[in-house]
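First to last, the protein sequences are chains A and B.
Under our numbering, read the first sequence as residues 1 to 365, first letter to last.
Under our numbering, read the second sequence as residues 1001 to 1403, first letter to last.
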Amino acid sequence: MSLSNLEIVARYLAAPGKGILAADESTGTIGKRLEKMGLKNDEETRRSYRELLLTSAIGGSISGVILFKETLYQSTESGKTFVKCLVDQGVYPGIKVDEGLQPLEGGLEGETWTKGLENLAAMCAEYAKVGAKFAKWRATIKIQPGGPSEKAILQNADELAQYAKICQGAGLVPIVEPEILIDGDHTIGRSQEVTEKVLAATMAALWRHGVQLEACLLKPQMVLPGAECSDPKPSAEDIAKHTLTALRRTIPPALPGVMFLSGGQTEEEATVNLDAINRMARTTEPGCPWSLSFSFGRALQHSVLKFWSSDQSKGLDVQQLLMSLARANGLASRGQYTGPHPTSAEGSASLYEGFRGWRADQITS
Amino acid sequence: MLKYRLGSSLNQPLSSRTFSRGGLVVKALKYDEELIKTAHKIASKGRGILAMDESNATCGKRLDSIGVENTEENRRAYRELLISAPGLGEYISGAILFEETLYQSTKAGQTFVELLNESGIVPGIKVDKGLVPLANSNGESWCMGLDGLDKRCAEYYKAGARFSKWRSVVSIPAGPSMIALRDCAYGLARYAAIAQDAGLVPIVEPEVMLDGEQDIDRCLEVQEAIWAETFKYMADNKVLFEGILLKPAMVTPGADCKVKSNPTQVAEYTLKMLRRRVPPAVPGIMFLSGGQSELESTLNLNAMNQAPNPWHVSFSYARALQNTVLKTWQGKTENVQIAQEALLKRAKANSLAQQGKYDASGEGKEAGAGMYEKGYVYCESCITNVTVMFDMLSPIKKFTCNT
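Pasting the structure below:
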C-alpha cells in the first residue's frame, strides 16, 4: 500500500529517536525572553538568535523545526535561507499558523478560543510555496472548579479540526495541540480525567471534519498535577502511568506520533519524564502504536538562550549545548536516556572541557 | 539506569478515584479489575469466541435445515454436543449462550456453566431483546433491551455468566439514516455501561450488514462512522475501555456489489478502519462472520494477523463455526463424535488464523459453502464470492460459476 506525501512527512516527523524543536515564539513572546536576558527585541537580534539554532547540526535528533512566520522568510548572515539550512540537514521546516488566544464568550473565566481560521487556507498555500512541510496550532484548556466547560472543550476541538483539514488540503501536515494548562491546584488524577475528555473530543472532531489521521500529529501535554497542587510531587513513573493510560484510551493507532509539549517542566524534568513514558510504553501492555516523542520549546531553548545572551561570542558552545539537549531528548524518545542532563551541574561539568570554561548551571541572567 | 529521579515516590495512594495497577490506572469501581481480567482471558492468543446464542426461533431454523424438531431437548442436546467437544478450550476462550442455555445441563447432570469453566471457556450471555422497526427511519431497526437490563445482568452474573453480547444493526442500503446510526451507537453505549456495572464484560456489536450493492470504500465510510459514534457515546457513559470487547463486521463490499474482494483487500480495509477508530486500550476485537463462508471468514482473519496488531484480533463466529457441524450431526446420536470433530477442525483453523498461521490446503468442500441467505456463495473456480439465488435451508452443494 503506497503512502501519500503527507503520510510520509508525518511519519518522518515522528521517526524513532527524533523529535521537534519548537522555535515558533511570536515576536512578543520571544521579545519578552530576550529583554529578560538584557537583549534588544529587534529583528536582527531575533534573526541572529534563530540563525544560531537553525545552523546547529541537529539533524540527527531533530526531524522538524516549528518556525514563526517572520523566521520562515529569514536567512543567515551570509544569505542562505533558513529553510535551506534545515532542508540541507534533513530537517523539515514547519510553521505556526494560529493567531493567538482570545477570551471565550460564554465560557468560564480564563477560557479561550484560538484565532486564525479566516485566512488560513491562503496562508497555508503561501507557506507551502516557501517550503514549509507542516504546521502547528495551539488551543488551551483550563482546569478549574466547575471547568473546563463543555463549550470550551467542544469549540477548541472543532477549531483544531477545521485547522487540520485546511492544512491537509494545502499540503501541510497539521500538528494538533490541545494544551491543558498546568495552572491550578488540581491533582494528577483530575488532570488525567480532563486529558481523556479533551483528547476524545479532539479525535471525534478530527473524524467529523474528515481529517486523515495517518497524516496528522498530536501535541498534548504530559499528564501532570497542577502547579499549585499540594500533593507530594509524582515520580516520573507516576507521570508515565497516567499519561499512557489517557493516551491508550483515546488515541487510535492510525496517528503516527504523539509529540509532547514541555510547558511547566524544567528542561531536565521534560527529558526524564519523556524517557519514563517511553520505557513504560515498551514494557507494559498493550505497548504503544504511536511514536512518543517531543515538540519542545523551552525544554530545548531555555538554557541555550540564557547562555547565548550572557555571551554572544560563544556561538559554537551554545550550539553544542543545543545539540546535546536534542540528543538527550532523542534518546528519551526511545526510552534510552541515561543522564546526566546537559543542564545539570554534572552534565555541564562533563561538557566543560570542550566548552572552554563555562557551566550552564552557573550562568546567571 | 536513571541518574535523576524527580520527586519522591508516592507513599500515599493517588487521588481517591484512581489507583495504579502495573502500568494501568483504573477507576475504583466494583468490578473493574475482574472485567479487565476477563476481557484479557477471552482475548488470549490463539483463541476466539464460539457464538451459540441463537434465539429459539433462529435455532429452530438451523435444526429445521437438518430435519430436526425444534424442541427444548433437541436444542439442549445440540448445545451439549458443541460445548462438550473434547479440547475445545484450546481454541475457544468464550461461548455466548442464549438465556435458556445458561440454565441447562448435560445429560449426565453437569451444568453447562460448570463444564465451560472446567474447559477454560468463559460463559457469556446474549442480553438484547431483539430488533424492531425504528420510527421515521428508512425501514431500519433499533435494538431493544435496556429496560430492566441491570437486573437481568445481575441475575446472569449470579448464574455464572461473565460477559454479555448485544447486537444492533446498521443497513447501508437504507442510508444509513443518522437517527438509526446514532440509536445503534447510543444503545450499545448504555448497554455497555450497565453490563460493566453488573460485572459482565460487554461485547459491543454494531453489525454493518452485508446486504447491498455498496463497494468496499462505502463500507469503510459507514464502519468508521458507526465506531466513531459508538466510542463517543461510550466515553460519555464512562465505559471502561480496558474491559470491553468489540464485535465488528469486517470491511467488505456488499453482497450484491459487482466488484468482489479478496482476503488481502478485506484485511487492508478492515485494519485501516480499526487503526483509525479503536484506541489500544481495548483488549480484543472479535469479528463476526455475518454470512461469509467458513473458509472465507478464516482466510480473512488470517490475512489480518500477518503482522502484530495493537489489540487481539480474533473471531466470534456462529455460522462460520457451526455450519458443517450441523450438517454432519443430522440430529443423530451416532454422529455426535464426528460432528464434534468438525467443530474442532473449524475452531483450530480459526485459532491458527488468529495467529496468522492458517494454511488453506486440506480444507474440505463444505468449508467453502456459502451461508448468506440471498445466495452469497464461494465459487471454487474463480476463488471468490459470487451472488446466486438459492434457498439457505436446502443443503449447500459445491458451487462453481461459469466465468
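Note that CB positions come from ideal geometry on N, CA and C, so glycine has one too.
Proximity to residue i [Cα-Cα], best of the options
{"i": "Tyr1157 of chain B", "options": "B:Asn1335, B:Gly1291, B:Thr1071 and B:Lys1126", "result": "B:Lys1126"}
{"i": "Pro1248 of chain B", "options": "B:Val1239, B:Gln1337 and B:Leu1271", "result": "B:Leu1271"}
{"i": "Ala200 of chain A", "options": "A:Ile251, A:Arg138, A:Ser313 and A:Ser191", "result": "A:Ile251"}
{"i": "Gly368 of chain A", "options": "A:Val318, A:Gln336, A:Thr343 and A:Leu305", "result": "As displayed, chain A neither begins before 1 nor continues past 365, which places residue 368 of chain A out of reach and without an answer."}
{"i": "Leu1299 of chain B", "options": "B:Leu1321, B:Pro1283 and B:Thr1264", "result": "B:Thr1264"}
{"i": "Lys1260 of chain B", "options": "B:Glu1296, B:Arg1047, B:Leu1188 and B:Cys1059", "result": "B:Glu1296"}
{"i": "Asp311 of chain A", "options": "A:Thr283, A:Tyr49 and A:Ile143", "result": "A:Tyr49"}
{"i": "Leu292 of chain A", "options": "A:Leu101, A:Met222 and A:Lys32", "result": "A:Met222"}
{"i": "Phe1098 of chain B", "options": "B:Gly1130, B:Val1068 and B:Val1282", "result": "B:Gly1130"}
{"i": "Leu1188 of chain B", "options": "B:Lys1348, B:Arg1062, B:Glu1114 and B:Cys1143", "result": "B:Cys1143"}
{"i": "Ala23 of chain A", "options": "A:Gly17, A:Pro93 and A:Gln212", "result": "A:Pro93"}
{"i": "Leu1050 of chain B", "options": "B:Ala1347, B:Val1282 and B:Leu1102", "result": "B:Ala1347"}
{"i": "Ser333 of chain A", "options": "A:Glu346, A:Trp308 and A:Ala240", "result": "A:Ala240"}
{"i": "Val1251 of chain B", "options": "B:Arg1275, B:Leu1343, B:Ser1177 and B:Glu1229", "result": "B:Arg1275"}
{"i": "Gln52 of chain A", "options": "A:Lys142, A:Lys233, A:Lys314 and A:Pro340", "result": "In the sequence on display, residue 52 of chain A carries Leu and not Gln. Among A:Lys142, A:Lys233, A:Lys314 and A:Pro340, the Cα nearest to that of Leu52 of chain A belongs to A:Lys314."}
{"i": "Ser75 of chain A", "options": "A:Val83, A:Lys69 and A:Ala345", "result": "A:Val83"}
{"i": "Gly110 of chain A", "options": "A:Gln168, A:Cys124, A:Gly210 and A:Ser149", "result": "A:Ser149"}
Cβ separation of residue i and residue j, assumed to be a contact under 8 angstroms, to the nearest whole Å
{"i": "Pro256 of chain A", "j": "Glu196 of chain A", "result": "No, Pro256 of chain A and Glu196 of chain A are not in contact; Cβ-Cβ is about 21 angstroms, not under 8 angstroms."}
{"i": "Leu154 of chain A", "j": "Lys219 of chain A", "result": "Actually they are not in contact, since the Cβ atoms of Leu154 of chain A and Lys219 of chain A sit about 19 angstroms apart, beyond 8 angstroms."}
{"i": "Pro1279 of chain B", "j": "Phe1241 of chain B", "result": "6 angstroms"}
{"i": "Leu117 of chain A", "j": "Tyr163 of chain A", "result": "6 angstroms"}
{"i": "Ala139 of chain A", "j": "Leu172 of chain A", "result": "Going by Cβ atoms, the distance from Ala139 of chain A to Leu172 of chain A rounds to 17 angstroms, so no, they are not a contact pair."}
{"i": "Ser1164 of chain B", "j": "Asp1211 of chain B", "result": "In fact, because the Cβ distance is near 26 angstroms, the residues do not count as touching under 8 angstroms."}
{"i": "Glu1207 of chain B", "j": "Gly1290 of chain B", "result": "6 angstroms"}
{"i": "Asp1150 of chain B", "j": "Ile1194 of chain B", "result": "5 angstroms"}
{"i": "Phe296 of chain A", "j": "Ala254 of chain A", "result": "Actually they do not touch by this definition, with Cβ atoms about 24 angstroms apart."}
{"i": "His341 of chain A", "j": "Glu267 of chain A", "result": "7 angstroms"}
{"i": "Ala1192 of chain B", "j": "Ile1244 of chain B", "result": "6 angstroms"}
Assigned exposure category for residue i - 16 Cβ within 10 Å defines buried
{"i": "Ile20 of chain A", "result": "buried"}
{"i": "Ala1255 of chain B", "result": "buried"}
{"i": "Ser1141 of chain B", "result": "buried"}
{"i": "Ala1225 of chain B", "result": "buried"}
{"i": "Leu3 of chain A", "result": "exposed"}
{"i": "Thr1333 of chain B", "result": "exposed"}
{"i": "Leu316 of chain A", "result": "exposed"}
{"i": "Val1204 of chain B", "result": "buried"}
{"i": "Asn329 of chain A", "result": "buried"}
{"i": "Asn1138 of chain B", "result": "exposed"}
{"i": "Tyr1376 of chain B", "result": "Since pLDDT at Tyr1376 of chain B reaches only 45, below the 50 mark, its modelled position is unreliable, and the value read off the structure follows with that caveat. That one is buried."}
{"i": "Asp1147 of chain B", "result": "exposed"}
{"i": "Gln1110 of chain B", "result": "exposed"}
{"i": "Ala1108 of chain B", "result": "exposed"}
{"i": "Met1052 of chain B", "result": "buried"}
{"i": "Thr1038 of chain B", "result": "buried"}
{"i": "Tyr1372 of chain B", "result": "Note that Tyr1372 of chain B scores a pLDDT of 49, beneath 50, so its modelled location is shaky; the value from the coordinates is reported in the next line. Answer is buried; the Cβ neighbour count reaches 16."}
{"i": "Lys115 of chain A", "result": "exposed"}
{"i": "Gly1145 of chain B", "result": "buried"}
{"i": "Ile95 of chain A", "result": "buried"}
{"i": "Arg1021 of chain B", "result": "Since pLDDT at Arg1021 of chain B reaches only 37, below the 50 mark, its modelled position is unreliable, and the value read off the structure follows with that caveat. Arg1021 of chain B should be labelled exposed."}
{"i": "Thr112 of chain A", "result": "buried"}
{"i": "Pro286 of chain A", "result": "buried"}
{"i": "Glu1114 of chain B", "result": "exposed"}
According to DSSP, residues forming a beta bridge with residue i
{"i": "Trp113 of chain A", "result": "A:Gln102"}
{"i": "Phe1287 of chain B", "result": "B:Phe1315"}
{"i": "Gln144 of chain A", "result": "A:Gly147"}
{"i": "Lys241 of chain A", "result": "Lys241 of chain A is not bridged to any residue."}
{"i": "Tyr92 of chain A", "result": "A:Gly64"}
{"i": "Ala135 of chain A", "result": "A:Ile95 and A:Pro174"}
{"i": "Gly1048 of chain B", "result": "B:Ile1092"}
{"i": "Cys1143 of chain B", "result": "B:Leu1131"}
{"i": "Val1169 of chain B", "result": "B:Glu1207"}
{"i": "Ile20 of chain A", "result": "A:Gly64 and A:Ser295"}
{"i": "Gly257 of chain A", "result": "A:Leu217 and A:Ser291"}
{"i": "Ile1125 of chain B", "result": "B:Leu1097 and B:Ser1164"}
Under 9 angstroms by beta carbon: chain D residues contacting residue i
{"i": "Gly226 of chain A", "result": "Included in the structure are the protein chains A and B, with no chain D among them."}
If we count Cβ pairs, one from each stretch, closer than 8 angstroms, do we get three or more for the segment 1309 to 1317 of chain B versus the segment 315 to 327 of chain A? no
If contact is defined by three or more beta carbon pairs under 8 angstroms, each pair taking one atom from either stretch, is the segment 1035 to 1051 of chain B in contact with the segment 1086 to 1105 of chain B? Segments in contact, yes.
Just checking, does the segment 228 to 247 of chain A make contact with the segment 272 to 279 of chain A on the three C-beta pairs under 8 angstroms criterion? The segment 228 to 247 of chain A vs the segment 272 to 279 of chain A: in contact.
Is it a yes or a no for the segment 14 to 30 of chain A touching the segment 74 to 84 of chain A, going by three-plus beta-carbon pairs under 8 angstroms? no
Spell out a yes or no on whether the segment 88 to 97 of chain A and the segment 47 to 59 of chain A are touching, meaning 3 or more CB-CB pairs, one atom from each, closer than 8 angstroms. yes
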